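Take a look at the structure set out below.
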Amino acid sequence: MLQRKFRLRQKSLYRKVFAQGKSFSGKVVVIYVAEGPSRFGFIASKKVGNAVVRNRAKRLMREVIRLHLPEIKENTQIICIARSSIKGVSYSQVENSLLKSLYKAKVMKER
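Using this note's numbering, the first residue of the sequence shown is number 30, and each one after it goes up by one.
Shown next, in the form of C-alpha cells:
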C-alpha cells in the first residue's frame with residue numbers, strides 16, 4: 030500500500046494540481062502533474078463503473094505508482110484519473126499506459 034505521506038488527501042490540494050498542473054493522457058489513464066512535495070492522488074468517477082470496478086482501477090493505479098516510486102522524480106504531485114476503458118484491463122496494460130504517460134510528462138528519472 031502507498032504510504033500515507035505520499036497521498037493527496039485534501040480537496041484543496043487536488044484543486045491546486047488541476048489548476049496549476051499539465052495533463053497527459055494514455056489509453057486507460059489520464060495524469061495531471063504539478064510541482065510540489067511528492068504526493069499522488071487517484072480518481073475513478075462513476076463513468077468507470079460500479080464501486081467494485083472503481084476500487085479495482087484505483088488499486089491498480091496505486092500499485093503501479095508504489096512499485097515505481099523510486100523511479101519517479103521528487104517534488105512532483107501527480108493525480109491519476111481512470112478512464113472508462115480501464116474496465117476489465119489487466120495490470121500490465123494499466124502499468125504500460127501509466128508509465129507511458131509518466132515518461133511523456135518527464136517525471137521519471139533517467140535509466
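All C-beta atoms, glycine included, are put in the ideal place defined by N, C-alpha and C. This structure is a prediction, so every number in the text was calculated from the model and none was measured.
Closer than 8 angstroms to a non-hydrogen atom of the ligand SAM - does that hold for the CB of residue i?
i: residue 71; result: In the structure on display, the ligand SAM does not appear, and there are no ligands present to speak of.
Over the uninterrupted beta strand (DSSP E) stretch that includes residue i, give me the two end residues.
i: residue 106; result: 105-111
i: residue 92; result: It is not in any beta strand (DSSP E) - residue 92 instead sits in the alpha helix (DSSP H) that spans 80-96.
i: residue 33; result: No beta strand (DSSP E) contains residue 33, which DSSP labels as neither H nor E.
i: residue 51; result: 51-54
Could you please give the first and the last residue of the uninterrupted alpha helix (DSSP H) stretch that includes residue i?
i: residue 134; result: No alpha helix (DSSP H) holds residue 134; DSSP gives it neither H nor E.
Are the CB atoms of residue j and residue i within a distance shorter than 9 angstroms?
i: residue 70; j: residue 108; result: yes
i: residue 111; j: residue 51; result: no
i: residue 130; j: residue 54; result: yes
i: residue 48; j: residue 106; result: no
i: residue 122; j: residue 76; result: no
So the candidates are the options; which of them puts its Cα closest to the Cα of residue i?
i: residue 90; options: 58, 52, 129; result: 58
i: residue 44; options: 72, 31, 85; result: 72
i: residue 35; options: 123, 138, 132, 95; result: 95
i: residue 32; options: 98, 138, 127; result: 98
i: residue 66; options: 122, 116, 104, 138; result: 104
i: residue 61; options: 75, 68, 46; result: 46
i: residue 120; options: 138, 136, 87, 78; result: 87
i: residue 93; options: 84, 128, 138; result: 128
Which word fits residue i, buried or exposed, when buried means at least 16 other C-beta atoms lie within 10 angstroms of its C-beta?
i: residue 81; result: exposed
i: residue 38; result: exposed
i: residue 74; result: exposed
Mind checking who residue i pairs with in its DSSP beta bridge?
i: residue 68; result: 106
i: residue 101; result: 137
i: residue 62; result: 51, 107
Using a Cβ-Cβ distance under 9 angstroms, would residue i count as near chain B?
i: residue 108; result: No chain B appears in this structure, which consists of one protein chain only.
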